[in-house]
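In terms of our numbering, the sequence shown is residues 459 to 734.
Working notes for the structure below.
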Amino acid sequence: MYRLLTLLLALGTSHAYSQNNYDIIISNGRVVDGSGNPWYEADVAINGEHIVRIGDLSSDTGSQVIDANGLIVAPGFIDPHTHALRGILDVPNAESALLQGVTTLTEGNDGTSPLPVDEHYQTILDKQISPNWGVFVGHGTIRSQVIGAEDRDPTPDELEQMKDMVQQAMQHGALGLSTGLFYVPGSFASTEEVIELSKVAAKHGGIYISHMREEAAQLIDSVNETIRIGEESGIPVQMTHHKVIGVENWGSSVESLQLVDQARERGIDITIDQYP
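Here is the structure:
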């Protein structure tokens with residue numbers, strides 16, 4: 459035991475006094491690592507495009523040292539709900555996002571998306587945009603192509619066609635299925651229709667992101683519908699830009715948040731995003 463302890467101490471001492479050189483050291487920052495844990499003071503070492511070490515790097519050197527004293531050091535933020543498609547093609551460096559720490563943008567929200575997805579991604583690659591980019595396949599776009607703007611349920615054949623389109627989009631790299639059940643033609647869709655399409659996205663590891671059917675007087679019904687879609691299709695759910703519309707409905711968010719908490723306690727993977 460004594461020999462083992464001596465060896466461990468020797469190894470620890472050797473490591474403590476070794477000096478490493480990194481491409482970049484971000485020093486003295488408050489690290490928020492995305493794990494949900496509180497921030498902590500640490501240095502961050504970067505080689506190439508990779509973070510290689512986090513901790514006390516006071517004995518190490520960097521080709522570039524950035525003093526982050528009093529600042530937050532965090533992974534790039536993901537904006538799960540944007541309508542940035544036209545903007546990203548016109549301004550591919552996306553400075554307005556990057557200067558706010560946003561390094562990943564998503565498109566295809568509210569049930570409207572570019573199709574085919576593979577051709578869209580090629581357009582994005584050709585533009586050599588700066589941020590990471592992902593797109594959802596829009597339920598409304600698919601419904602329009604199959605049914606048009608008709609206020610009716612799809613026939614069995616039409617539903618199969620819609621499911622095939624979701625599958626193809628997922629195979630081409632879509633992040634999941636988006637709906638805008640507040641908007642035409644999404645508002646014409648039954649909950650059961652959305653569940654069937656969500657099952658396809660779930661099989662390919664996708665998520666479901668929704669502008670819910672109602673965010674005013676019928677907010678609670680819409681939250682329950684969103685939870686049901688996740689529960690019955692087995693898909694992770696993002697309840698996007700959660701809010702309560704109308705002064706007369708203020709306070710409803712207390713119940714809506716309780717419903718989400720209860721769903722999570724049952725094992726449903728559901729999260730919420732908000733805009734400022």
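Just so you know, even glycine gets a beta-carbon here, dropped at the ideal spot from N, CA and C.
One or two residues paired with F535 in a DSSP bridge: F535 is bridged to V560.
Beta-carbon gap between G644 and H699 smaller than 8 Å: Cβ distance not < 8 Å, so G644 and H699 don't count as in contact.
Assigned exposure category for E650 - 16 Cβ within 10 Å defines buried: Label assigned to E650: exposed.
Between the CA atoms of D481 and P694 - distance to the nearest angstrom: When rounded, the distance between both Cα atoms is 38 Å.
Residues near E608 in its chain [Cβ-Cβ closer than 8 Å; skip 5 each side]: Cβ neighbours of E608 beyond the five flanking positions: P643, F646.
Own chain, CB closer than 6 Å to A500, minus 5 neighbours either side, in chain order: In the same chain as A500, and ignoring 5 residues on each side of it, the C-beta atoms closer than 6 Å to its own belong to V489, I512, G513, in chain order.
Exposed unless 16 or more other CB atoms sit within 10 angstroms - verdict on G688: Classification of G688: buried, given that the 10 Å Cβ count is 16 or more.
Among G534, T729, R610, G569, nearest to S648 - alpha-carbon criterion: Cα-wise, what sits closest to S648 is R610.
Which of helix, strand or coil DSSP assigns to M670: Here M670 sits in coil by DSSP.
Completely contained alpha helix (DSSP H) runs for the stretch 606 to 646, where each covers 4 or more residues: As summarised for the stretch 606 to 646, the continuous alpha helix (DSSP H) elements at least 4 residues long and confined to that stretch are 614 to 629, given in chain order.
Cα-Cα separation between I536 and I587, rounded to whole angstroms: Straight across, the Cα-Cα distance linking I536 with I587 is about 16 Å.
Euclidean distance between Cα positions of P572 and P533: If you take the alpha carbons of P572 and P533, they lie about 28 Å apart.
Buried or exposed by the 16-neighbour rule on C-beta atoms within 10 Å, applied to T471: In this prediction, T471 scores a pLDDT of 38, lower than 50, which makes its location untrustworthy; no coordinate-derived value is stated.
First through last residue of the beta strand (DSSP E) which encompasses R511: For R511, the enclosing beta strand (DSSP E) begins and ends at 508 to 513.
Sequence-distant residues of its chain with Cβ nearer than 6 Å to Q425 (five each side left out): In the structure as shown, the chain starts at 459 and stops at 734, and residue 425 therefore has no counterpart that could be examined.
C-alpha distance - L466 paired with N567, whole-angstrom precision: Unreliable placement is indicated for L466, whose pLDDT of 30 sits below 50; the coordinate value is still reported in the next sentence. L466 and N567 have their C-alpha atoms roughly 54 Å apart.
G638 to K701 span [Cα, whole Å]: The C-alpha of G638 lies about 15 Å from the C-alpha of K701.
Distance between Y641 and P612 (C-alpha atoms, nearest Å): If I take the Cα positions, the gap works out to 17 Å.
Sequence-distant residues of its chain with Cβ nearer than 6 Å to S656 (five each side left out): Cβ neighbours of S656 within its own chain (closer than 6 Å, five residues either side excluded): L635, Y666, I687, S691, I693.
Which of helix, strand or coil DSSP assigns to S588: Three-state DSSP puts S588 in coil, outside helix and strand.
Start-to-end residues for the alpha helix (DSSP H) that takes in V658: Looking at the DSSP string, the run of the alpha helix (DSSP H) that includes V658 is 649 to 661.
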